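Data first, discussion second: the structure below is written as structure tokens.
2 protein chains.
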Amino acid sequence: MASRGKVYLIGAGPGAQDLITLRGARLLAQADVVLHDALVTAEMLELCPQAEKILVGKRYGQLSAAQQFINKQMVDYAHKFPLVVRLKGGDPMLFGRADEELRALEEAGIEVEVVPGITTALAAAAASKQPLTKRGVARSVAFFTSSTAPEHSTHDAIPDTDTLVQYMGGREAIATAERLLAQGRRPDTPVVVIENCSRPDQHIRRLTIASLARGLGAAHGPVLVMLGEAMTTRPHQNLEQAPLPSAAEQLRA
Amino acid sequence: MASRGKVYLIGAGPGAQDLITLRGARLLAQADVVLHDALVTAEMLELCPQAEKILVGKRYGQLSAAQQFINKQMVDYAHKFPLVVRLKGGDPMLFGRADEELRALEEAGIEVEVVPGITTALAAAAASKQPLTKRGVARSVAFFTSSTAPEHSTHDAIPDTDTLVQYMGGREAIATAERLLAQGRRPDTPVVVIENCSRPDQHIRRLTIASLARGLGAAHGPVLVMLGEAMTTRPHQNLEQAPLPSAAEQLRA
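If you read the sequences in order, they're chains A and B.
If you're matching positions, the first sequence starts at 1 in full-length UniProt numbering and goes up one per residue.
If you're matching positions, the second sequence starts at 1 in full-length UniProt numbering and goes up one per residue.
In structure tokens form, the structure reads like this:
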């Protein structure tokens, strides 16, 4: 059977509705079906009121079985509808399991196009006003993740770039800090930790590798850890204030 | 004198008009003045017909003097107009000299906000349908550049991440390939080279490190070099065709 539909893998960006691209927003407004991650925000889904919206995938540590089911859903919907969107938090080509989804669609003979999204590292750099590269100081940056999946060794070396960004780094903060110190990074290396980047409950913390080694406590959303000399604050920089407790929280206290 | 205006450092993305964010496009439509790079495309500037548009900066190897003049222009315009945009190709926080621009604005007491953009690596991954990370194969990616500025040694090690992306890598292709081979990367490692990413004259080439070592020839626009096992093509992948010569080129031939 010839397939009728086309699938777009679209990056939603970090969460704020206006941080998707114009191309992504226009395709969302035309979509028949939108298969989205739990990381995609409710406000982002307001861009496709006409579409059938289907929550797929797990927030952390997606299982292979779940991925195979997502692949099957994409293929099935593409046989039924002209415009199917697979909407992913951040960018689809970075820590997004795009390889598996592209393979499944291509094997089924379905046309697919990828629309990039703002990966969280770039939104976090913007929110904290800390460039990831800096002339004469930081000329390279690496994005990495330490998956808890069993096939991944936690003894892999952390990259040797000037700036480092760890995705989903909240739970592994202590292990990351210890490995960085063992690899020779200075304990006073500046660290910026962003939780819920670009969302109303965004929270930015400024630490060092030494304080990161004491852990981050419980996180309530996606956590990104950025570190290196590029995270040094500037003399006249307006640093973000700690968020004030909301009225509701004050009443409860 | 109290400053009146606010400056937005906005990432335009790789070039296509619809690859800017909604936030970036909305601010462009309200801007009084737009200071833009040569890398920003004419179609992108159609998003701010009302604004005074000023071309600043050089395409390659910007001099410090030129950067200081850009900084001064931003400050001067912010004293005269409420909404000044500094529009940069790609993302402002990655190879964008944002540190120097933020410092200048902060020292002058001018409010500044950063709006992220699609960095070319993400647009190139989307265009070539090659994810930058791949489960079990590529868990880290580094973005780096080899500047021709005199303070930069060409003997710096290239990062050791699974996937590598070199910005502005066209002229240094041979040197990069030789360093990668010397650092132990396999000669048959797949390489994807993208020129003029996301633009009508986008051109994608698929090579290996061995063939990269023979050079890329003359480039006619920004060149991005991506490499690593994540660049391996998939069995059913529709590879982009070499662009057909346009009618005008056929007439000339």
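Just so you know, even glycine gets a beta-carbon here, dropped at the ideal spot from N, CA and C.
Computed from a predicted model, the values in this text were never measured in an experiment.
The Cβ-Cβ distance between A:I118 and B:T21 falls below 8 Å. By the neighbour-count criterion, in which 16 or more other beta carbons inside 10 Å mark a residue as buried, B:I10 falls on the buried side. Put simply, the CB of B:E100 is near chain A, with a gap under 8 Å to one of its CB atoms. When DSSP states are grouped into helix, strand and coil, A:S211 belongs to the helix group. With a 10 Å radius around the Cβ and a threshold of 16 neighbouring Cβ atoms, A:A218 comes out exposed. Each residue's CA atom was taken as its position, placing A:Y77 and A:K6 some 9 Å apart. Take A:A51, set aside five residues on each side of it, and the residues of its chain with a beta-carbon closer than 8 Å to its own are L28, A31, D32, V33, V34 and V85, in chain order.
It is roughly 12 Å from the alpha-carbon of B:V165 to the alpha-carbon of B:P131.
Per DSSP, the continuous alpha helix (DSSP H) segment holding B:A182 begins and ends at A173 to A182. Taking every protein chain shown into account, the CB of B:K88 has 16 or more other CB atoms within 10 angstroms, so this residue is buried. By the CB criterion at 8 Å, B:L181 and B:A213 fall inside the cutoff.
Look at the stretch 209-224 of chain A: it has no residue with a C-beta under 8 Å from a C-beta of chain B. Residue burial is scored here from C-beta neighbours: A:G90 has at least 16 other C-beta atoms within 10 angstroms and is therefore classed as buried. For a Cβ distance threshold of 7 Å, nothing in chain A lies close to B:I204: the least Cβ distance comes to about 13 Å. At least 8 Å separates the beta-carbon of B:S146 from that of B:D162.
Here B:Q237 is not near A:E113, since their CB atoms are 8 Å or more apart.
Residue contact check for A:D76 against chain B: no CB pair falls below 8 Å. DSSP places B:H203 within a strand segment (E or B) once states are collapsed to three. Residue pairing of B:I10 in beta bridges, as defined by DSSP: B:L87 and B:V115. Residue contact with chain B for A:T233: absent (no Cβ-Cβ distance below 8 Å to any residue of chain B).
Scanning its chain for C-beta atoms nearer than 8 Å, with the 5 sequence neighbours on each side dropped, one finds around A:L239 the residues R206 and T233, in chain order. Closer than 8 Å to the CB of B:Q237 there is at least one CB belonging to chain A. In terms of Cβ geometry, B:A121 and B:L224 form a close pair [threshold 8 Å].
According to the DSSP assignment, A:L224 belongs to the beta strand (DSSP E) that extends over V223 to L227.
Residues of chain A with a Cβ closer than 7 Å to the Cβ of B:D37 do not exist; the shortest Cβ-Cβ separation is about 16 Å.
Counted as a single uninterrupted DSSP element, the alpha helix (DSSP H) harbouring B:S128 occupies residues T120 to S128. Put simply, the CB of A:L94 is near chain B, with a gap under 8 Å to one of its CB atoms. The contact set of B:V115 on chain A, defined by CB atoms closer than 7 Å, consists of A126 in chain order.
Taking CB atoms only, A:T41 has no neighbour in chain B less than 8 Å away.
Here the alpha carbon of B:L94 sits roughly 10 Å from the alpha carbon of A:A126. By the CB criterion at 8 Å, A:R199 and A:T41 fall inside the cutoff. The Cβ neighbour count for A:D188, taken over all protein chains shown within 10 Å, is under 16; the residue is labelled exposed. By the Cβ neighbour-count rule, B:K72 is exposed, with fewer than 16 other Cβ atoms within 10 Å of its own. DSSP places A:L45 inside the alpha helix (DSSP H), whose first and last residues are A42 to L45. Counting only Cβ-Cβ distances below 9 Å, A:F69 has no contacts in chain B at all, with the closest Cβ about 16 Å away. Judged by DSSP in its simplified three-state form, A:L27 adopts helix.
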